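To start, the structure under review is shown below, and the notes come after it.
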Amino acid sequence: MPLPNNVLAILWWAAYTVIGVWAHRTLPGIDFFAPGLILSLQEQSGGRTALLALVWMLLAEGTGSLPFGYGLAWYGLLAVMFFSGRWLFEARSFLFMCLIGLGLGLLHPALTLGLSSLAQLKVSLERLVLEGAMQTAAFPLVWLAADNLFPKRLRQDARPL
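Under the working numbering, read the sequence shown as residues 11 to 171, first letter to last.
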């Protein structure tokens with residue numbers, strides 16, 4: 011007997027979160043939750059996406075040394091990029107995901123420098139630029155992998171974006 015869709019969704023997103031936490035620990039400075047947030051915006055209800063964003067923001071804010079606000083600005087601007095870009099691009103296109111990745115790659119050093127200056131923390135600009143480049147490359151690839159692994163039963167393709 012197959013699992014009900016709600017249970018399957020909870021298990022899938024819980025597994026994605028665990029893998030994302032492990033990936034964050036393995037490659038610090040790269041956000042593996044951002045592609046999941048976009049996938050959730052594409053495939054799930056707004057309530058589920060908001061809950062995922064809240065959980066992931068709390069995880070990111072709790073493990074970082076920057077003042078509170080990085081996660082809120084990061085995921086808020088990610089949602090703005092998605093909603094403002096989907097009128098011009100197909101919301102599920104790889105090119106659009108590459109452009110969002112580029113936007114995040116540029117946003118990471120800017121946000122980190124801004125918030126670290128508020129906390130009077132010294133950060134390496136070279137490292138931030140490298141992390142931004144890695145975020146640019148990783149975002150569309152992680153989104154593509156998550157999109158391909160996302161259970162077909164949970165897709166809401168009939169719903170307009």
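Cβ coordinates follow ideal geometry from the N, Cα and C atoms, glycine included. Note that the structure is a prediction, hence the values are computed from the model and not measured.
ask   = From which residue to which residue does the alpha helix (DSSP H) around arginine 35 run?
value = 15–36
message = Quick check on valine 133: does DSSP put it in helix, strand or coil?
response = coil
ask   = Going by the CB atoms, is the gap between glycine 86 and alanine 70 shorter than 8 angstroms?
value = no
query = Where does proline 150 land, buried or exposed, given buried means 16+ other C-beta within 10 angstroms?
reply = buried
Between the CA atoms of leucine 164 and threonine 146 - distance to the nearest angstrom = 28 angstroms
inquiry  = So, for proline 161: in the same chain, excluding its five sequence neighbours on each side, which residues have a beta-carbon less than 7 angstroms away from its beta-carbon?
reply    = Leu18, Trp22
inquiry  = Do alanine 44 and leucine 114 have their beta-carbon atoms positioned less than 8 angstroms apart in this structure?
reply    = yes
inquiry  = With H, G and I counted as helix, E and B as strand and the rest as coil, what does DSSP make of leucine 154?
reply    = helix
Integer-rounded CB distance, given that aspartate 157 should sit under 8 angstroms from leucine 49 = 6 angstroms
message = Suppose you measure from the CA of histidine 34 to the CA of alanine 120; what does that come to, to the nearest Å?
response = 20 angstroms
request  = With distances taken Cα to Cα, identify the nearest neighbour of alanine 148 among Leu37, Tyr26, Ala25.
outcome  = Leu37
query = Alpha carbon to alpha carbon, what distance is there between cysteine 108 and methionine 144?
reply = 12 angstroms
query = Do glycine 56 and glutamate 141 come within 8 angstroms of each other at the CB atom, strictly closer than that value?
reply = no
ask   = Any idea if alanine 25 is buried or exposed, counting beta-carbon neighbours within 10 angstroms, 16 or more meaning buried?
value = exposed
Status (buried if at least 16 other CB within 10 Å, exposed otherwise) for valine 152 = buried
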